[in-house]
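In full-length UniProt numbering, the protein residues as written are 1 to 483. Every residue gets a Cβ at the ideal spot worked out from N, C-alpha and C, and that includes glycine. Note that the structure is a prediction, hence the values are computed from the model and not measured.
Below you can see the structure in the form of structure tokens.
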């Protein structure tokens, strides 16, 4: 059997092959346009921007945000996490120190600014994508803020009008016992001295959820009382609050913005699709060379757990319901099963159906998926995001994502049946309990392919298949530490 679907690539491979734009020094910008490397992104970029810059800069930033997401789940130590992010920034969003020439700094800060606003436009239209964007942007801001010099932090904070209310000494005295209980000290005397000497801020409690969760801030009547030592949490809370409001405002005005310049529509659509893996493309259509007789072998060796589940159910029951036929059939189409072989495969699988029944009940839909019937639209294979979020399986169904839709007992039994070691089953189940379904699938791939290098989070079943075959390069490998 020969496999020739080299035109199919995953998101990271596609991003690595596109023509990237070099950051050019910009002498048109004043230092007042970008006085700091950290940014609250309160105003749109001050310069003219080309459409090519919008798309390329946004995709570079998306690479960074995706690596941040992966690093948070993978990294066993804070040092490894920071190393992964720094490597990604050096490659996609470099930000030189103030010791380099201003024109070089300006070009880098301009790219950072443009890329943020481009992604904000692309991800403002759904709650899920905007929440994801805000979460990763907060992680990026936190990383950069922690790297910045203290003097630069002070200067930056003075420019963003934080409106933190300093707690009056008399008020602090009244609530001192509460403040002391929020300090991680066993010595009550030292806690009392600490509270007496420390500056406290009064802020809306929703701006410091991390401190409240850690019981590190006293909350009363909707206000949180935060020591100056926890300034990072305050700054992050302010950044998140403002970004969330700005993204909501962008969502309300996006239609008008796109009407003003319709050239942005396909660019933003392309960027937005890459969030959930829908950019997987296959140019083979019905022109692949996978034989029906080889499907059993390649699926058992190279398909992800979701497709193996469907294949096993089909072999056992000689039938799949519509949702299963769609999910599995489009996957097979994308790995190179041509229409003639597809008809042969499904007819053989449905052995309890007569030739007439098969032609009447199933052949049309199979041909329809290949763009040979109806409106002649050639359907694409489902992404992980679509499988996880849409058309959840009910009784008698086998489609969906095992990491999302299996019961805990069923999933554990399946993993043990597939000879996954006990400690790694526990690791996978922890990811599932944290709703990190795609990361669990990615980890499953790495467990079952121990010789393969670490990869970015798998976003499409066909990417899993190609990585298993060894046909798809994942350009994020060299950006992820092995710890």
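Query, Result
"Residue 459, DSSP secondary structure in three states", "coil"
"Test item: CB-CB of residue 242 and residue 57 under 8 Å", "no"
"CB contact flag (residue 443, residue 428, <8 Å)", "yes"
"Residue environment, residue 123, which counts as buried when at least 16 other CB atoms sit within 10 Å", "buried"
"Coil, strand or helix - residue 223 by DSSP", "strand"
"7 Å Cβ shell around residue 478 - same chain, five flanking residues per side excluded", "Bear in mind that the predicted position of residue 478 carries a pLDDT of just 49, short of 50, making it unreliable; the figure below should be weighed with that in mind. Nothing meets the Cβ criterion."
"Boundaries (first-last residue) of the beta strand (DSSP E) holding residue 203", "200 to 204"
"Sequence-distant residues of the same chain with beta carbon closer than 6 Å to residue 421, five excluded per side", "none"
"For residue 31 and residue 3, the rounded distance between their alpha carbons", "Legend: pLDDT at residue 3 = 41, less than 50; position of this residue unreliable, value from coordinates given subsequently. So the two alpha carbons sit approximately 55 Å from each other."
"Own chain partners of residue 138 with C-beta closer than 7 Å, once the 5 adjacent residues on each side are dropped", "236, 239 and 240"
"Distance, residue 142 Cα to residue 245 Cα", "19 Å"
"Runs of beta strand (DSSP E) lying entirely within the stretch 118 to 151, each at least 3 residues, in chain order", "none"
"Three-state secondary structure assigned by DSSP to residue 218", "strand"
"For residue 165: DSSP bridge partner residues", "202"
"Option nearest residue 434 by Cα separation, candidates 72, 97 and 316", "72"
"Residue environment, residue 439, which counts as buried when at least 16 other CB atoms sit within 10 Å", "buried"
"Closest Cα partner of residue 396 within the set 88, 288 and 323", "323"
"Residue of 432, 319, 340 and 386 minimising C-alpha distance to residue 357", "319"
"Identity of the residue in 38, 307, 78 and 372 nearest residue 113 by Cα", "38"
"DSSP bridge partner residues for residue 378 (one or two, in chain order)", "370"
"Simplified DSSP assignment, three categories, for residue 394", "coil"
"Burial state of residue 466, where buried means 16 or more other Cβ atoms lie within 10 Å", "buried"
"Check whether residue 167 and residue 145 have beta carbons under 8 Å apart", "no"
"Residues near residue 487 in its chain [Cβ-Cβ closer than 7 Å; skip 5 each side]", "What is shown of the chain runs 1 to 483, which leaves residue 487 out entirely."
"Closest residue to residue 220 among 262, 247, 231 and 176 (Cα-Cα distance)", "176"
"Host alpha helix (DSSP H) of residue 93 (start-end)", "Neither: residue 93 is in no alpha helix (DSSP H) and is coded neither H nor E."
"Secondary structure, beta strand (DSSP E): runs of 3+ residues fully inside the stretch 251 to 315", "none"
"Contact between the stretch 246 to 264 and the stretch 297 to 308 (3+ Cβ pairs under 8 Å)", "no"
"Short Cβ contact (8 Å threshold) for residue 121 with residue 250", "yes"
"Short Cβ contact (8 Å threshold) for residue 387 with residue 424", "no"
"For residue 204 and residue 173, believed in contact at Cβ under 8 Å, the rounded distance", "With a Cβ gap of about 23 Å, residue 173 and residue 204 do not count as contacting."
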